[in-house]
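If you want this note's numbering, it's the 1-based position in the sequence shown plus 17. Notes for the one structure printed next.
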Amino acid sequence: MVTRFIFSVIVLFFASLNLSYGQETYTLSGSVKDSANGEAMIGAVVTVKEINAGTATDINGDFSMKVPPGKYTVEINFVGYGSISQSVVVKGNTKMSFSMKEQMLKEVIVTGERPDAQVKNLEMGTQKLDMKQINAIPPLLGEVDVIRSIQLLPGVSTVGEGASGFNVRGGAVDQNLILLDDAPIYNSSHMFGFFSVFNPDMVKDIKLSKAAIPAQYGGRLSSVLDVKMKEGNPDKIGVQGGISTIFSRLTVGGPIKKNKLSFIVAGRRSYADVLARPFLAKAFKDAQLYFYDLTLKANYNINQRNRLYLSGYYGRDVFAFPGAYFGWGNATTTLRWNHVFSDKLLLNMIGDYSSYSYRLEFGEDMTEDSFKWTAKIINYCAKPEFTWYLNSNNTISFGAQATYYKFVPSTGVFYSGGERRDIGLPDKYAMENALYISNEQKLTARLTLQYGLRYSFFNYLGSGTAYYYDSTAGNYVRNPVGIEEFGRRKTIKAYTRPEPRIAANYSLSENSSLKASYNRMVQYIHLISNTTASIPLDVYLPSTNNIKPQLCDQYSLGYFRNIGPKQNIETSAEVFYKDMLNQLDYIDGANLFFNPNLEGEVIPGTARAYGLELFVKKKEGRFNGWISYTLSKSERKVPGINQGDWYPNRYDRRHNLSVVGIYELSKRVSLSSTFVYASGTPFTFATDKFEFQGIFVPYNPGGPRNNYRLPAYHRLDVAATLKSKEKVRKSKIFGRYSWDLVFTVYNLYSRRNAFAITPRQNPENQQISEALRFSIFGSFVPAITYNFKF
């Protein structure tokens, strides 16, 4: 059956290709760069006026299109930069290059896309942000942040301050594929979610895809957050950085060999422990409370057909007190080779390494009375990705992916009276492979399709022990009835899954379109967590013979329209529905750590999410910004829990509203604000209590899950930015430089938003039960940041 399905897809794929040989055409290709720093311009609009044809540059700043022979005017546009027009005579395959200069505009520009991008392209459920947008948003403690910025977009939410990660369209935090220069990031947070691992001075381009996800991406159910790093100025040395209330950062980049080899490196370090030290008790004077990270990238332009990129990230969080240590962090390395076979065929060959680890220690003497716990996940990945510009109506993408995983769920060692005891769990191994092919085809002047197939293969490997169970899962502990040992690299369990994708854009008019998409996504790794919010101690595990791969079918429909005198106001309305299988929940009182029988305490279930997303964005002018509103529902159904009925996910938010406003008061002063409102998240609260030896113990008869909701969350932030004079000043030491001061107030009206509510007995009267509310911020938080660049 599977073979017949694949054969049918392949036949339909090639049968649908519109091979236009009636008229001779040639390839018009080229590249677009920023004149100031040599960075590739991603998403610059390339238009051939005479034939009303156009395209956009890719992640390397390159473009390619087929045109008949003739004389043309090629125009390049990128919002915030001056337009470029150049005449060209096409008699054969023709290559061009363009260098764009940023304009000093009298208005704030908050987008780098083509003016009609949201109407003309196939993307839906997709949002792009550049650093100009993110820098304009009022930040927490004066520091702009990628993850906090995307939480202001439709369909994106979080369970609250102090929560790691983000939730997309009713999905869990581990269902987002987060890529930093193509390497996956497993925990995107510093300081328990207050900041992300992405240094804003190193970020070049950000794209969040919630629907119509291309076939090249897989391994997660809900979204893809693709973050691209800057590449370094190939012409001259540049330095930028900032000093803020909570941490400082510094970035240096420039040529190693001019116009041939360049680099960029950035570092950050927080200093909350240094600032707090004078106020700490003597026993905590040596406490360490900080995070740091280092990000770097090198770019080698071998020749016109070959470029080589090497990038990496390393960061850690450290919380250390006398007798205790807690630390976690990510490390990634990416090597990318970009090769041009011809004007029609391009290759991106990617190899990446990624790891996430944490360590927890207690005890002064680590050989006497102490405890040490470490865990990690490591992957090695290779991805050849091809782009084939078949003709003016068809662009084909195809490639493969191979990923090797090593899971270290827990390595625990404790000493008692000098005696050592190991309580860790054995390592686990897996291999995930995939093949994909897709085509973007322009069927008519109004209708464009993108369709494809990703086919994934997953092997849960030895060495290891497989446990077998003969009872149906429910809200009780299942004990194994058999075990089997497997040798090194032997397959314990194998899975294969087809993942079809299709998206369509039907143009209703020059400024409006209707889009639809269907995605099947499969996820083979699982985040084991039963906390309200993801924490650094959560464990990743592979699909096994007992834990099946997660699967999601998503259907989306949207209406997109540009309005206003200059068509510069984007509006969209999207509806979506998601069916999700093999979603893990846990029995009451499940033990998730150091438990060899963990698979007997998890329960697979189904989940669904559906909703409406509304978005209005004014892209330019002295006053601009956006309004985002999401009405959605996310729930699950698990055997033995909540009497088998549907119950809300812990990250379900019925209403989610974000308002972002940016106003340029003058050329040097700008103001901005954000307002956020969201329904409270569900949580499980005791409905009854019983007395035991004079103590009242709360409990839930019948075991309902997520039966109450926290109060609604709302918050107002404001910021003011003062820039240096338009004519950049000059220093004898550093050359020309500019600066800005950012003043922010987070949570302006001191809203005490509840992060959690827990029951307790009144300390003065044990007969009285109380609900205790825990808030991360109980007051407004002011901050100031000084940014510089030279």
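Heads up, the beta-carbon is just placed ideally off N, CA and C, and yes, glycines get one too.
Separation of residue j from residue i, as counted between CA atoms
i	j	result
R790	G210	20 Å
D243	D199	7 Å
M117	N94	9 Å
I154	N216	16 Å
D369	F183	24 Å
E787	T802	41 Å
S261	D222	23 Å
L407	K361	7 Å
S328	G581	42 Å
K583	S529	14 Å
R266	G258	5 Å
F805	R753	11 Å
L364	K108	26 Å
P497	S174	39 Å
G435	F379	15 Å
A736	S687	8 Å
L442	R726	36 Å
Assigned secondary structure, residue i (DSSP; H/G/I helix, E/B strand, else coil)
i	result
N641	strand
M246	strand
V190	helix
E449	strand
G236	coil
L629	strand
N659	helix
E502	strand
L460	coil
P613	coil
V494	coil
Burial state of residue i, where buried means 16 or more other Cβ atoms lie within 10 Å
i	result
D487	exposed
M121	With a pLDDT of 46 at M121, under the threshold of 50, the modelled position of this residue cannot be trusted; read the value that follows with caution. Classification for M121: exposed.
K277	exposed
G504	exposed
Y462	The sequence shown places Ala at residue 462, rather than the Tyr named in the question. Exposed, by the Cβ-count rule.
V163	buried
N35	Because N35 sits at a pLDDT of 45, beneath the cut-off of 50, its placement in the model cannot be relied upon, and the point is left open.
Q321	exposed
L525	exposed
Y766	exposed
I500	exposed
V494	exposed
V106	exposed
Y89	buried
K137	buried
Cβ pair residue i, residue j closer than 8 Å
i	j	result
E449	L139	no
A800	L306	no
K227	S213	no
S796	F772	no
A626	G187	yes
N724	T701	yes
A304	A337	yes
K393	S374	yes
M82	S409	yes
P665	P699	yes
D444	V425	yes
W354	L325	yes
Run of the beta strand (DSSP E) containing residue i, from where it starts to where it stops
i	result
N536	S529 to Q540
I394	S387 to N408
R722	Taken as a continuous stretch (DSSP letters only), R722 belongs to no beta strand (DSSP E), as it is neither H nor E.
N320	Q305 to N320
M597	I586 to Y603
G329	N323 to F338
S371	L362 to F379
E92	G87 to N94
F115	T111 to M117
I801	V798 to K806
R437	E436 to D439
M63	The sequence given here has Val at residue 63, not Met. V62 to V65 is the span of the beta strand (DSSP E), which, as asked, contains V63.
First and last residue of the uninterrupted alpha helix (DSSP H) at residue i
i	result
R667	Unbroken run through R667: none, as it is neither H nor E.
Q150	M148 to A153
S166	V163 to I167
The ligand MG heavy atom lying under 7 Å from the CB of residue i
i	result
R186	What this structure holds is no ligand at all, so the ligand MG is not there to describe.
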